[in-house]
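Counting in our numbering, the sequence shown runs from 1042 upward without gaps.
Yeah, the Cβ is synthetic: ideal placement off N, Cα and C, and Gly gets one too.
Some notes on the structure that comes next.
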Amino acid sequence: MGKGKFLVIALALQCQALAPKLDSRMRPPPATDAAELKNNILASPRTVRYPYTTDCPGCRDATDTARLGALEVPSLALGTISWTPEKEKSGFRPGDRLDGKIGTAVAQAGVAAAALESGLTFFDTAERYSVGVGETLLADALAEGAEYAVGPKKTFPAAAAAPRPRPVVATKFTPAPWRLGAESVVAACEASRARLGVDQIDLYQIHMPDIVQPGAAFGYVDIKDEEYWLGLARCKELGLVKEIGVSNYGPTLLRRCAAFMKTRGHRLASNQIHYSLLARKVGGNQAAVDAANELGITTLAYYPLAMGLLTEKGPERTGALEHYAKGGAGYIGVPWLEKNKVEVPAGGVAPLVDELKRVADARGKTVTQVALNWIIGSGVVPIAGATTEAYVRDAAGAVGWRLSGDERASLEAAADSLGFEFQGTFFKRVDGKFVGYGVEEWSLD
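Rendered as structure tokens:
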């Protein structure tokens, strides 16, 4: 064995020892007692359309839906990447939100209840979210949110209509140097299934291409994409998942993966990428959407509001987003590298937000709703952040209607005239992951 290969194996073993033990995470303590939950969550009577633990035959169908293979889902999904364990019970860990906005089980159950009653039943998580406990937090929140919104002993007349669908939950497998083959995908899927408390995962995705290559500095690269595809296919064949998908794949890799799945008699249901009015051209985002459409694959969009820039208060954002909001120089990585520098023309995102507001006012909608509806009208399912009850209710207003062709054209013209697109911030860049020893980058082709 050469020195290079030995060094890579040693590095992989060290990474494995330091990695979060995702499969051994314990569930967080119960949120609180029923009385406190009621005081915090149920300010008024609620009707839930698709509860997680209780069928609700008498509730109205959602009509604005999309297809993920055989699954029918709302045309708007909710993401849970910002959810964290309760700090007072588990202690601070790297990755926790410092403001605790969505860091309590009470808040998470309240968000879930608001989503369910709004008919937003499609949730996205990942094994690596929330310092390794994102799946558990989501499963608990959905169960508690439905229980306290509907009531654990709620019954419906036998003559009522047929039961409504349960929520659809998507999660993701994270490629890593110590995950060496197809069986690692199957094992991770089994662990995710247990954390979610389900017999089958609705949508199981590969989180990103196999870009984490610590051996590259020593001349050794071991790309395992095809082995992971085989593992994804095996999860489907074993009945562990209903549908399969990928994330952060550009047109070329998406076509390769789709062709691979076809040899095993499967179809990819989805590809999750960064996509919004502020992310269409520069990074190949629209090309990825077009390739997915050609292949019959549904695109899911993260950062649909560009981290809050495409909201009414977007032009007021400060900190790492200030250059996008107002114009000027900023960075999408370590600030001492010139390649990470981003120059935004004066005025920043304000002209686009002004046009969004003009359309919103004319329709009696919010800026957020118009920005999300533009994505929905593009045949893409936006994943809005499930951060507060108020935000979930606002996002729910994006479904059930469509912008006109003229409105879409005016918004796209305003976006094109800005002279920049959103590329992320510091270590939250849209084309890379911070992986401990540095940032690994990719391109959507």
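{"query": "Nearest to residue 1419 by alpha carbon, out of 1329, 1286 and 1387?", "result": "1329"}
{"query": "Per the DSSP calculation, residue 1165 is bridged to which residue(s)?", "result": "1120 and 1211"}
{"query": "I'd like to know whether the C-beta atoms of residue 1338 and residue 1294 end up nearer to each other than 9 angstroms.", "result": "no"}
{"query": "Output the distance between the C-alpha atoms of residue 1094 and residue 1184, rounded to the nearest integer angstrom.", "result": "Note that residue 1094 scores 37 on pLDDT, short of 50, meaning its location in the model is unreliable and no value can be drawn from it."}
{"query": "Taking the alpha carbon of residue 1434 as the reference point, which residue from 1118, 1114 and 1107 has its own alpha carbon closest?", "result": "1118"}
{"query": "So, with DSSP's three-state summary, where would you put residue 1469?", "result": "strand"}
{"query": "If you count every other CB in all the chains shown that lies within 10 Å of the CB of residue 1304, and 16 or more means buried, which is it?", "result": "exposed"}
{"query": "In the DSSP output, what is residue 1315 paired with across the bridge?", "result": "1343"}
{"query": "If the criterion is Cβ atoms closer than 9 angstroms, does the pair residue 1417 and residue 1443 meet it?", "result": "yes"}
{"query": "Counting beta carbon pairs with one atom in the segment 1445 to 1453 and one in the segment 1362 to 1379, are three or more of them shorter than 8 angstroms?", "result": "no"}
{"query": "Quick check: the Cα distance between residue 1151 and residue 1429, rounded to an integer number of angstroms?", "result": "8 angstroms"}
{"query": "Per DSSP, what kind of secondary structure is residue 1367 in: helix, strand or coil?", "result": "helix"}
{"query": "Nearest CA to the CA of residue 1214: which residue from 1249, 1360 and 1316?", "result": "1249"}
{"query": "Determine whether the beta carbon atoms of residue 1300 and residue 1317 lie at a separation below 9 angstroms.", "result": "no"}
{"query": "What residue ranges within the segment 1410 to 1460 form continuous alpha helix (DSSP H) runs of no fewer than 4 residues, ordered along the chain?", "result": "1430 to 1437 and 1446 to 1457"}
{"query": "Kindly indicate the opening and closing residues of the alpha helix (DSSP H) around residue 1266.", "result": "1266 to 1278"}
{"query": "Could you tell me if residue 1322 is buried or exposed, where buried requires 16 or more neighbouring beta carbons within 10 angstroms of its beta carbon?", "result": "exposed"}
{"query": "Can you name the residues that DSSP bridges to residue 1185?", "result": "DSSP lists no partner for residue 1185."}
{"query": "CB residue 1309 to CB residue 1282, shorter than 9 angstroms?", "result": "no"}
{"query": "Quick one: give me the first and last residue of the beta strand (DSSP E) that residue 1243 is part of.", "result": "1242 to 1247"}
{"query": "Given this structure, state the Cα-to-Cα distance separating residue 1052 from residue 1182, to the nearest angstrom.", "result": "For residue 1052, the predicted model reports a pLDDT of 40, less than 50, meaning its position is unreliable and no value from the coordinates is stated."}
{"query": "Excluding the five sequence neighbours on either side, which residues of its own chain have a C-beta within less than 6 angstroms of the C-beta of residue 1075, listed in chain order?", "result": "Only weak support is given to the placement of residue 1075: the predicted model assigns it a pLDDT of 37, under 50, and the value that follows is read from those uncertain coordinates. Same-chain partners within the cutoff: there are none."}
{"query": "For residue 1286, which of helix, strand or coil comes out of DSSP?", "result": "strand"}
{"query": "What distance in whole Å lies between the Cβ atoms of residue 1351 and residue 1394, which are believed to be in contact at a cut-off of 8 angstroms?", "result": "7 angstroms"}
{"query": "When you compare only the Cα positions, how much space is there between residue 1467 and residue 1344?", "result": "15 angstroms"}
{"query": "Provide the residue span of the beta strand (DSSP E) that contains residue 1113, from first to last.", "result": "1112 to 1115"}
{"query": "Taking the alpha-carbon of residue 1108 as reference, which of 1457, 1471, 1334 and 1484 has the nearest alpha-carbon?", "result": "1334"}
{"query": "Within a Cβ cutoff of 6 angstroms, which residues of the same chain sit near residue 1228, ignoring the five residues on either side of it in sequence?", "result": "none"}
{"query": "Please state the DSSP three-state secondary structure of residue 1398.", "result": "helix"}
{"query": "Give me the Cα-Cα distance between residue 1167 and residue 1289, rounded to the nearest whole angstrom.", "result": "14 angstroms"}
{"query": "With residue 1322 as the anchor, note down where its beta strand (DSSP E) starts and where it stops.", "result": "Per DSSP, residue 1322 belongs to no beta strand (DSSP E) and is neither H nor E."}
{"query": "Thinking C-alpha only, which one of 1320, 1340 and 1441 is nearest residue 1110?", "result": "1340"}
{"query": "Here's the rule: buried if 16 or more other CB atoms are within 10 angstroms of the residue's CB, otherwise exposed. What is residue 1247?", "result": "buried"}
{"query": "Please name the residue or residues paired with residue 1109 in a DSSP beta bridge.", "result": "1112"}
{"query": "Report buried or exposed for residue 1431, applying the criterion of at least 16 other Cβ atoms within 10 angstroms of its Cβ.", "result": "exposed"}
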